[in-house]
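Throughout the sequence shown, residue numbering follows our numbering, covering 757 to 1059 in sequence.
Structure first, then comments.
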Amino acid sequence: MKNRQLTIYIATGFIIASLLLAFYFFLKKPERIASPLLDEEKRVIVFKDVRYFGEKEGVIDWELTAKTAKKSIDKPEVEMEQLEGRYKPKAGITVAFKGTKGRMDIEKEKGTVENVDILYKGEYSLKSPFMNFDFKNNVTSTTSAVDVKGKKLTLRGIGLTANMRDETVRIERDVSGYIDTEKAKFHFQSNAFFYNLKDNSYILDGKVVLKGQDMDMFCDKLYIFSKDQNPERIDAKGKVRLISKGTIAKSEKAVYYFNEDKVVFTESPRIFKDNVEMMGESVIYSISSGKFSIQKPKMRMER
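If you want it as structure tokens, here you go:
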């Protein structure tokens, strides 16, 4: 009888121990790993030497070609490498570009190109680490650095928005560059830059500095008018100040005529030199000679 009871006790103890052990491993079981859905979400078809394009009224207004393209099966998205493209925001205007990589939403006709190099009408080139293209609205933009080069104008800045429908380009901040003319080279800097393609005019806006060989000019806003990329006239407005060889000229407006090689100051012009202040209806500064002349002068001396 005792042996039978002992056997029952041992069997019961073994069952209880097994249940406790099973319960322990149940509590300590490893977390379930989610099934790899990433590959399902990014199912793509790989193409070689692919071409995408968009049309308006039966005419191709933009196109992209790429050595390699990965087209998503579930979404209208394409990833491209070694791509080139062009678009026509208006009749007679073609913008060509190329980049190392790009992503585009085919339905929305917008995307991003990395390490982009843009050529506008064969006249200006623009480089940036990346550029956003919106072909439907003819808008190109970036928040990164931009480097623009033309035949006579070179500049750098940060942030760009180009609206080809309005034919305007704006660089947002930290602008610097130079204007190269037949007679001289002028370096400039400003808070922002604006370019109107219709009348071929540039605007330097905010804390403008223009430096030539023997002169430094400061103002609030500077307008540059050119013809065939050759600067013809500069209008300086707002707290204009020119310093040349120890002479300071001040006014609210000044116009620099490139062909005549002179700067004309109007709107309360004054000249300061050697504690002498001279005023007149206008002040003319000759770039080549570095001399000032005053129309209807008035003089005041400080002792």
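Glycine included, each C-beta is placed from N, C-alpha and C at the ideal position.
All figures in this text were calculated on a predicted structure; none of them were measured in a lab.
Rounded C-alpha distance that separates residue i from residue j
i            : j            : result
residue 883  : residue 904  : 7 Å
residue 790  : residue 799  : At residue 790 the pLDDT is 37, less than 50, meaning the model places this residue with poor confidence and gives no usable figure here.
residue 863  : residue 986  : 41 Å
residue 995  : residue 833  : 52 Å
residue 1063 : residue 801  : The shown model of the chain, from 757 to 1059, leaves out residue 1063, and the question about it has no answer.
residue 843  : residue 907  : 23 Å
residue 976  : residue 921  : 28 Å
residue 1023 : residue 1031 : 22 Å
residue 854  : residue 824  : 14 Å
residue 850  : residue 895  : 14 Å
residue 806  : residue 889  : 19 Å
residue 817  : residue 840  : 14 Å
residue 965  : residue 946  : 7 Å
residue 912  : residue 944  : 11 Å
residue 1034 : residue 1025 : 9 Å
residue 989  : residue 831  : 52 Å
residue 845  : residue 958  : 21 Å
residue 837  : residue 822  : 6 Å
Short Cβ contact (7 Å threshold) for residue i with residue j
i            : j            : result
residue 1063 : residue 991  : A question about residue 1063 goes unanswered here, because the residues of the chain that appear run from 757 up to 1059.
residue 872  : residue 887  : yes
residue 1045 : residue 1020 : no
residue 998  : residue 973  : yes
residue 810  : residue 891  : yes
residue 940  : residue 962  : no
Top-ranked residue by Cα proximity to residue i, from the options
i            : options                  : result
residue 808  : 1031, 848, 858 and 1042  : 858
residue 926  : 960, 943 and 935         : 960
residue 878  : 1051, 984, 1035 and 972  : 984
residue 1017 : 965, 1031, 937 and 999   : 937
residue 899  : 923, 924, 909 and 930    : 930
residue 893  : 910, 917, 876 and 901    : 917
residue 1003 : 982, 1013, 1027 and 1009 : 1027
residue 1011 : 867, 1042 and 812        : 1042
residue 874  : 1008, 826, 902 and 935   : 902
Residue i, DSSP secondary structure in three states
i            : result
residue 1045 : coil
residue 941  : strand
residue 1039 : strand
residue 982  : strand
residue 893  : coil
residue 969  : coil
residue 1061 : Past the boundaries of the shown model lies residue 1061; the chain is included only from 757 to 1059, so the question cannot be answered.
Unbroken stretches of the beta strand (DSSP E), 3 residues or longer, contained in the segment 797 to 851: 800 to 812, 815 to 828 and 833 to 846
Every unbroken beta strand (DSSP E) inside the segment 993 to 1035 [3 residues or more]: 1003 to 1013, 1018 to 1022, 1026 to 1029 and 1032 to 1035
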